[in-house]
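Colleague: Sharing a structure with you now.
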Amino acid sequence: WVKESGRAGFRFHVPRKEVDLLSRMRLDHDMRQALAEGRFRLHYQPQVELGSDRVIGAEALIRWRDPQRGDISPAEFIPLAEESGFVVAIGEWVLREAVGQAAYWLSRGLRMPVAVNVSALQFQQAHFVETVAEVLREAMLPASLLELELTEGVLLGDAEEALKRMRALAGLGVTLSIDDFGTGYSSLGYLKRFPIQRLKIDRSFVQGLPNDASDVGIANAIVQMGRALGLQVIAEGVETEAQRDFLAQAGCHEFQGYLFAKPLRPDEFEQRVRPRRHVVDSPVSGWLGLA
Ligand code: C2E
Ligand code: MG
Ligand code: MG
Ligand code: MG
Numbered sequence: 400w401v402k403e404s405g406r407a408g409f410r411f412h413v414p415r416k417e418v419d420l421l422s423r424m425r426l427d428h429d430m431r432q433a434l435a436e437g438r439f440r441l442h443y444q445p446q447v448e449l450g451s452d453r454v455i456g457a458e459a460l461i462r463w464r465d466p467q468r469g470d471i472s473p474a475e476f477i478p479l480a481e482e483s484g485f486v487v488a489i490g491e492w493v494l495r496e497a498v499g500q501a502a503y504w505l506s507r508g509l510r511m512p513v514a515v516n517v518s519a520l521q522f523q524q525a526h527f528v529e530t531v532a533e534v535l536r537e538a539m540l541p542a543s544l545l546e547l548e549l550t551e552g553v554l555l556g557d558a559e560e561a562l563k564r565m566r567a568l569a570g571l572g573v574t575l576s577i578d579d580f581g582t583g584y585s586s587l588g589y590l591k592r593f594p595i596q597r598l599k600i601d602r603s604f605v606q607g608l609p610n611d612a613s614d615v616g617i618a619n620a621i622v623q624m625g626r627a628l629g630l631q632v633i634a635e636g637v638e639t640e641a642q643r644d645f646l647a648q649a650g651c652h653e654f655q656g657y658l659f660a661k662p663l664r665p666d667e668f669e670q671r672v673r674p675r676r677h678v679v680d681s682p683v684s685g686w687l688g689l690a
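All the letters of the sequence shown, read from the start, carry residue numbers 400 to 690 under the UniProt record's numbering.
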């Protein structure tokens with residue numbers, strides 16, 4: 400049996416590249432089916448303000464549970480969707496879903512800004528700004544409750560066009576932030592020119608705090624630069640108190656990470672932000688306290 404299988408394995412050996420291609424094609428197919436069948440979900444990770452301990456926002460993160468494959472990480476399928484272009488369809492679903500969630504929360508008295516990840520390809524769509532405006536209008540959500548997380552990749556290519564688009568989005572009242580800040584290739588100039596309100600320090604620079612000398616230098620530099628430009632700075636991937644304490648003394652007051660909370664189902668998120676002492680009160684009055 401062993402011999403047979405060995406032989407068969409040899410006979411049907413497929414070069415690694417083609418195995419990758421096949422599995423990528425299957426993943427791409429399954430991803431399209433998942434969207435068509437409504438199998439994507441969003442989880443929401445709290446963003447916390449130091450001191451007050453208030454939850455000041457929620458980042459929407461896509462989740463995909465496949466009946467056969469189990470949970471598939473967005474770190475795996477989003478890059479593939481970016482290559483195939485399917486990320487545009489996924490991104491539009493995410494936008495509608497997250498805006499709908501924020502509107503639902505608002506209708507229940509919970510005024511919670513939601514942050515949505517926007518891939519470069521999605522941002523570059525000719526109708527992106529109109530789509531955002533339409534989604535907000537349909538859900539009747541104030542634009543101030545929507546934040547779009549852009550990556551530095553958005554600025555590659557036509558920077559003038561990107562600037563126009565950002566101005567239009569900012570004009571709607573949407574908040575713009577730069578995600579994974581420091582990992583892309585950025586010129587400091589765009590931070591000044593572009594209507595960005597927030598920087599998200601990438602988790603890779605938070606990881607080594609407070610001991611790794613280069614992470615210390617990078618984190619300090621980002622916080623100082625952000626503050627000098629009047630931007631909010633939030634640290635992502637904060638897992639330990641030592642990381643939080645270092646960032647706080649560096650001047651960063653907003654945090655997102657497992658130390659505070661993992662990405663949560665919408666119902667879990669609601670429970671989390673509802674002050675304990677109001678649990679027996681009307682939920683609406685409890686939530687309004689957070690607004
Ligand atoms: P991101 O936007 O930088 O999101 C932060 C990632 O860090 C999330 O991974 C989150 O679950 C994870 N994270 C949060 N706190 C911690 C922590 O304390 N420690 C560690 N180790 N990780 C933490 P996730 O959900 O797997 O998403 C990975 C990436 O996939 C995101 O990185 C984003 O680039 C992309 N992504 C997720 N959802 C969407 C989406 O709806 N649209 C687009 N275009 N991209 C998305
Ligand atoms: Mg993000
Ligand atoms: Mg990020
Ligand atoms: Mg990141």
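For each residue, glycine too, the CB sits at the ideal point set by N, CA and C.
Everything numeric in this text was worked out from a predicted model, so none of it was measured.
Taking buried to mean at least 16 other C-beta atoms within 10 Å of its own C-beta, is P662 buried or exposed?
Modeller: Along the sequence shown, one-based indexing puts residue 662 at 263. By the 10 Å Cβ count, P662 comes out buried.
Colleague: Would you kindly work out how many angstroms separate the C-alpha atoms of A567 and A501, rounded to a whole number?
Modeller: Residue 567 sits at position 168 when you count from the first residue of the sequence shown. Residue 501 sits at position 102 when you count from the first residue of the sequence shown. Using only the alpha carbons, I get a separation of about 22 Å.
Colleague: Between Y657 and the rest of its own chain, which residues show a CB-CB distance below 7 Å, the 5 nearest in sequence each way excluded?
Modeller: Mapped onto the sequence shown, residue 657 falls at position 258. Sequence-distant Cβ neighbours of Y657 in its own chain, meaning closer than 7 Å and more than five residues away, are E638.
Colleague: What's the call for D419, buried or exposed, on a 16-neighbour Cβ count within 10 Å?
Modeller: Within the sequence shown, numbered from 1, the residue matching residue 419 stands at position 20. With fewer than 16 other Cβ atoms within 10 Å, it is exposed.
Colleague: Which residues, in chain order, sit with a beta-carbon under 5 Å away from any heavy atom of ligand 2?
Modeller: N516, E548 and D578
Colleague: State yes or no: is the C-beta of A671 nearer than 7 Å to some heavy atom of ligand 1?
Modeller: Position 272 of the sequence shown, counted from the first residue, corresponds to residue 671. Reading off the sequence, residue 671 comes out as Arg, not Ala. False, no ligand heavy atom lies under 7 Å from that Cβ.
Colleague: Under 7 Å: does the beta carbon of Y443 sit that close to some heavy atom of ligand 1?
Modeller: Along the sequence shown, read from residue 1 onward, the residue named residue 443 stands at position 44. No, the beta carbon of Y443 sits no closer than 7 Å to any heavy atom of ligand 1.
Colleague: Please determine whether the Cβ atom of V637 lies at a distance below 7 Å from any heavy atom of ligand 1.
Modeller: As a working note, residue 637 is residue 238 in the sequence shown. Because some heavy atom of ligand 1 lies under 7 Å away, the Cβ of V637 counts as near it: yes.
Colleague: Give a yes or no on whether the C-beta atoms belonging to L628 and L590 are separated by under 8 Å.
Modeller: Counted from its first residue, the sequence shown places residue 628 at position 229. Counted from its first residue, the sequence shown places residue 590 at position 191. Yes, the Cβ-Cβ distance between L628 and L590 is below 8 Å.
Colleague: Could you tell me the alpha carbon to alpha carbon distance between L689 and S543, rounded to whole angstroms?
Modeller: As a working note, residue 689 is residue 290 in the sequence shown. As a working note, residue 543 is residue 144 in the sequence shown. Caution is warranted here: a pLDDT of 46 is assigned to L689, below 50, making its placement in the model unreliable, and the coordinate value is therefore given only provisionally. So the two alpha carbons sit approximately 16 Å from each other.
Colleague: Verify whether the separation of the beta carbon atoms of Q606 and D614 is less than 8 Å.
Modeller: Reading the sequence shown from its first residue, position 207 is the one you call residue 606. Reading the sequence shown from its first residue, position 215 is the one you call residue 614. Contact flag set, yes.
Colleague: So who's on the other strand from E548, going by DSSP bridges?
Modeller: The count along the sequence shown starts at 1 and reaches residue 548 at position 149. Beta-bridge pairing links E548 to N516 and S576.
Colleague: Sort P665, Q670 and R673 by Cα distance to R462 and report the nearest one.
Modeller: Start at 1 with the first residue of the sequence shown, and residue 462 comes out as number 63. Of P665, Q670 and R673, the residue nearest in Cα terms is P665.
Colleague: Straight-line CA distance for residue 382 to E560?
Modeller: With the chain covering only 400 through 690, there is no way to say anything about residue 382.
Colleague: Which value, in whole angstroms, describes the spacing of the CA atoms of G405 and L421?
Modeller: Within the sequence shown, numbered from 1, the residue matching residue 405 stands at position 6. Within the sequence shown, numbered from 1, the residue matching residue 421 stands at position 22. Note that G405 scores a pLDDT of 46, beneath 50, so its modelled location is shaky; the value from the coordinates is reported in the next line. The straight-line gap from Cα to Cα measures roughly 22 Å.
Colleague: Mark V576 as exposed unless 16 or more other C-beta atoms lie within 10 angstroms of its C-beta, in which case mark it buried.
Modeller: Along the sequence shown, one-based indexing puts residue 576 at 177. The identity of residue 576 in the sequence shown is Ser, whereas the question assumes Val. It counts as buried.
Colleague: In this structure, does DSSP put A634 in helix, strand or coil?
Modeller: Within the sequence shown, numbered from 1, the residue matching residue 634 stands at position 235. Three-state DSSP puts A634 in a strand.
Colleague: Mind checking which residues open and close the beta strand (DSSP E) that includes V553?
Modeller: One-based indexing of the sequence shown puts residue 553 at position 154. Premise fails: V553 is in no beta strand (DSSP E) and is neither H nor E.
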